[in-house]
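Visitor:
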Amino acid sequence: MAAHSAEVGLHYQLTTLAAGAFLTWASIWMIARASIDTGRWSYEDISEELFHPTMSFLTGAVNVCQCLGSGAGYLIACGQVFQVAVGADEATRRLFVLSVGTFVCAPIALARHVSFLRHLAAISIVALLLLLVTMLWYLGKHGLDESVTPDAFWFGPGSASIFTYMNAMSNVVFAYNNQFIVPQLIGELTPEPTMRRVTVASVITVVMCFVLFSSVSIFGVLAFGVGEDQRDSLLLDLFPERKNPLVIASLIAVVFSVLTCFQFHVYPIRQFATFAIRKARGRGPDAEASDVLFCGRTCTRWLDMASALGSVAIIILIAEVTSELKTVLDFIGAFASAYTSYIVPPLWVIQILRRQENFSWQDKEAFGCLALLSLGVFFFAFGTLSAITDAFV
């Protein structure tokens, strides 16, 4: 987040973060509307209910791409923390990533439900606040970076291209992105899911994220500079102070936070695998209870656990191949996050509205869906082009 702020300036970054917060809330509201109206709790099942199985497979495949890339990004972040903490070389970093993925991520990924992670998610927010405190401490100790001037602080160093601005926007899309798990979390609400409960939770979430992201952007630029002075992530920026106890504590907190996020990204992959296998077996969405048992567990559950372990293995492989965190997040934010956040949800709601007798394209809700859909198509197309251009040029 701070690395992009250093390239485009705080004026653009904060404006984009504010817009991203509003769009995220609107997207979550649309997903909740579709989930509750259809009684379906996954992207694949909602798409099948409102459109066609082909739409379900397309949406599920894109969602899988997003979650694989995001999960790899989290493991890369863990590897960067290890490099900063002990000064490890590339081979040792890869061994650490493999160990974390195998002995930490894989066992937790086997959990049947994700609602238990909400407690860990709350703790992870506190953990990220510790990173913010560490940045403030670093700023107080080393003072304002010499590359920071009023113009550079607000508008960047002046070397940013249109692709740089688009990549910063894609990074914001990725940062707010949690829509892929929203249907499942709504389905686990008790005693029953309601729009009011989802709305309150989404408002609290986006406000907290906006404050945290804005703070990291501001103080990251002040502490570590603009332009080329910023490294790939704040974790690498803290390398000079890696032996300080506060820095070590914040690095451990970051590992805890990203591993919590990792588990939320594995679940949609399992959902898509379950959906695809269920279709291949000719079974319905609620047919697990009648499935054949092996060693006390249904065949559906065994296949679910196998898909969980397989997805973790693929994520580990991606994280082993590349260590460029910024490039991975830019591409995922532009390609998959834009699709699942700003293209699919408005299409769902439009389809629900079209089934009503008094439907009109001039209706405010339909117009809002079309506006978000148009923005999503722009993010998807131009954002992907920008990420690819930045990676290879």
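In this text, residue positions in the sequence shown follow our numbering: the first is 1, and each later residue adds one.
C-beta atoms are modelled at their ideal positions from N, C-alpha and C, and glycine is treated no differently.
Just so we're clear, the structure is a prediction, and the values are computed from it rather than from any experiment.
DSSP state of R242, grouped into three classes?
Guide: Within the sequence shown, the letter at position 242 stands for residue 242. DSSP places R242 in coil when its eight states are reduced to three.
Visitor: Buried or exposed for G333, going by 16 or more other Cβ atoms inside 10 Å?
Guide: Stepping through the sequence shown from its first residue, residue 333 is reached at position 333. Summary for G333: the model assigns pLDDT 49, below 50, so the residue's position carries little reliability; its value from the coordinates is reported in the next sentence. It is buried - the Cβ of G333 has at least 16 other Cβ atoms within 10 Å.
Visitor: Quick one: Cα of L110 to Cα of K279, how far?
Guide: Translated into positions along the sequence shown, residue 110 becomes position 110. Translated into positions along the sequence shown, residue 279 becomes position 279. Distance between the alpha carbons of L110 and K279 is about 22 Å.
Visitor: Would you kindly work out how many angstroms separate the C-alpha atoms of N63 and Y43, rounded to a whole number?
Guide: As a first step, residue 63 must be located in the sequence shown, where it is residue number 63. As a first step, residue 43 must be located in the sequence shown, where it is residue number 43. Straight-line Cα distance between these residues: approximately 8 Å.
Visitor: Give a yes or no on whether the C-beta atoms belonging to I318 and L68 are separated by under 8 Å.
Guide: As a first step, residue 318 must be located in the sequence shown, where it is residue number 318. As a first step, residue 68 must be located in the sequence shown, where it is residue number 68. Against a cut-off of 8 Å, the Cβ pair of L68 and I318 comes out as a contact.
Visitor: For F103, does the count of other Cβ atoms within 10 angstroms reach 16, so buried, or fall short, so exposed?
Guide: Taking the sequence shown and counting its residues from 1, one reaches residue 103 at position 103. With fewer than 16 other Cβ atoms within 10 Å, it is exposed.
Visitor: Are the beta-carbon atoms belonging to G60 and F275 less than 8 Å from one another?
Guide: Residue numbering aside, residue 60 sits at position 60 when the sequence shown is read from its first letter. Residue numbering aside, residue 275 sits at position 275 when the sequence shown is read from its first letter. Closer than 8 Å, so yes.
Visitor: Between the C-alpha atoms of L58 and Y339, what's the straight-line distance to the nearest angstrom?
Guide: To locate residue 58, count along the sequence shown from 1; it is residue 58. To locate residue 339, count along the sequence shown from 1; it is residue 339. Those two C-alpha atoms are separated by around 11 Å.
Visitor: Start and end of the alpha helix (DSSP H) containing Q66?
Guide: Residue 66 sits at position 66 when you count from the first residue of the sequence shown. Per DSSP, Q66 belongs to the alpha helix (DSSP H) from 53-86.
Visitor: So, Q80 versus S341, is the Cβ gap smaller than 8 Å?
Guide: Your numbering for residue 80 matches position 80 in the sequence shown. Your numbering for residue 341 matches position 341 in the sequence shown. Result no, Cβ atoms of Q80 and S341 do not sit closer than 8 Å.
Visitor: Please specify which runs of the alpha helix (DSSP H), each continuous and at least 4 residues long, are wholly inside the segment 131-206, giving them in chain order.
Guide: Runs of the alpha helix (DSSP H) inside the segment 131-206: 150-155, 162-176, 182-187.
Visitor: Tell me L293's beta-bridge partners as DSSP assigns them.
Guide: Counting from 1 along the sequence shown, the entry for residue 293 is found at position 293. T298.
Visitor: Assign R93 to one of two classes, buried (16 or more other C-beta atoms within 10 Å of its C-beta) or exposed (fewer than that).
Guide: The count along the sequence shown starts at 1 and reaches residue 93 at position 93. Buried is the call here.
Visitor: Out of L385, G376, G284, point me to the one whose CA is closest to V173's CA.
Guide: As a first step, residue 173 is located in the sequence shown; it is residue number 173 there, counting from the start. When only C-alpha atoms are compared, the closest one is G376.
Visitor: Quick one: grab the DSSP three-state call for E365.
Guide: Looking up residue 365 in the sequence shown gives position 365. Helix, per DSSP.
Visitor: Report yes or no: is there a C-beta of chain C within less than 8 Å of the C-beta of A249?
Guide: Structure shown: chain C not included; a single protein chain is present.
Visitor: Compare the C-alpha of F51 against each of A152, V344, E357, I388 and name the closest.
Guide: In the sequence shown, the residue the question calls residue 51 occupies position 51. That would be V344, whose Cα lies nearest to the Cα of F51.
Visitor: Candidates N244, P245, S161, L251: which alpha carbon is nearest S233's?
Guide: Translated into positions along the sequence shown, residue 233 becomes position 233. If we check each option's Cα against that of S233, L251 comes out closest.
Visitor: To the nearest angstrom, how far is the alpha carbon of S257 from that of S202?
Guide: The sequence position of residue 257 within the sequence shown is 257, counting from 1. The sequence position of residue 202 within the sequence shown is 202, counting from 1. Near 19 Å, if we compare the C-alpha coordinates of S202 and S257.
Visitor: Quick check: the Cα distance between A273 and S307, rounded to an integer number of angstroms?
Guide: In the sequence shown, counting from the first residue as 1, residue 273 sits at position 273. In the sequence shown, counting from the first residue as 1, residue 307 sits at position 307. A273 and S307: Cα-Cα distance of roughly 6 Å.
Visitor: According to the Cβ coordinates, are M135 and G220 closer than 8 Å?
Guide: Here residue 135 refers to the residue found at position 135 when the sequence shown is read from its first residue. Here residue 220 refers to the residue found at position 220 when the sequence shown is read from its first residue. It is a contact, given that the beta carbons lie within the stated cut-off.
Visitor: Considering only the beta carbon of each residue, do F264 and V114 sit closer than 8 Å?
Guide: As a position in the sequence shown, residue 264 is number 264, starting the count at 1. As a position in the sequence shown, residue 114 is number 114, starting the count at 1. Cβ distance < 8 Å, so F264 and V114 count as in contact.
Visitor: Does the segment 362-380 come close enough to the segment 24-36 that 3 or more CB-CB pairs lie under 8 Å?
Guide: Output reads yes: the segment 362-380 touches the segment 24-36.
Visitor: By the three-class DSSP mapping on this structure, what secondary structure does D89 have?
Guide: Numbered from its first residue, the sequence shown carries residue 89 at position 89. Coil, per DSSP.
Visitor: Assign D363 to one of two classes, buried (16 or more other C-beta atoms within 10 Å of its C-beta) or exposed (fewer than that).
Guide: The residue given as residue 363 occupies position 363 in the sequence shown. The residue in question, D363, is exposed, as its Cβ has fewer than 16 Cβ neighbours within 10 Å.
Visitor: Once DSSP output is grouped into helix, strand and coil, what is the label at Q263?
Guide: Here residue 263 is taken as the residue at index 263 of the sequence shown, counted from 1. The answer is helix: DSSP assigns Q263 an H, G or I state.
Visitor: Can you name, in chain order, every residue of its own chain whose Cβ lies under 6 Å from the Cβ of V255, other than the five neighbours on each side?
Guide: Locating residue 255 in the sequence shown gives position 255, where the first residue counts as 1. Counting only Cβ-Cβ distances below 6 Å, and skipping sequence neighbours, we find C78, V81.
Visitor: Measure from the alpha carbon of M195 to the alpha carbon of each residue in T24, V216, I36, then state which is nearest.
Guide: By 1-based counting over the sequence shown, the position of residue 195 is 195. The shortest Cα separation from M195 among T24, V216, I36 belongs to I36.
Visitor: Please list, in chain order, all residues of the same chain as L129 whose beta carbon is under 8 Å from its beta carbon, the five residues on each side excluded.
Guide: The residue labelled residue 129 in the question sits at position 129 within the sequence shown. Answer for L129: L212, listed in chain order.
Visitor: For H113, which of helix, strand or coil comes out of DSSP?
Guide: In the sequence shown, residue 113 corresponds to position 113, counting from 1. Here H113 sits in coil by DSSP.
Visitor: Give the DSSP-derived three-state secondary structure of T389 in the structure shown.
Guide: As a working mapping, residue 389 is identified with position 389 in the sequence shown. In this structure, T389 counts as helix in the three-state DSSP scheme.
Visitor: Whole angstroms is fine: what's the gap from I352's alpha carbon to S290's?
Guide: On the sequence shown, residue 352 is found 352 positions in, with the first residue counted as 1. On the sequence shown, residue 290 is found 290 positions in, with the first residue counted as 1. Each residue's Cα considered, the two are about 31 Å apart.
Visitor: Measuring straight from C-alpha to C-alpha, what distance separates P346 and L185?
Guide: Locating residue 346 in the sequence shown gives position 346, counting from the first residue. Locating residue 185 in the sequence shown gives position 185, counting from the first residue. Those two C-alpha atoms are separated by around 19 Å.
Visitor: What's the C-alpha gap between L309 and T322?
Guide: Here residue 309 corresponds to residue number 309 of the sequence shown, with the count starting at 1. Here residue 322 corresponds to residue number 322 of the sequence shown, with the count starting at 1. Rounded to the nearest angstrom, the two C-alpha atoms are 21 Å apart.
Visitor: Buried or exposed: E404, going by 16 or more other Cβ atoms within 10 Å of its Cβ?
Guide: The question about residue 404 has no answer, for the chain in this structure spans 1 to 393.
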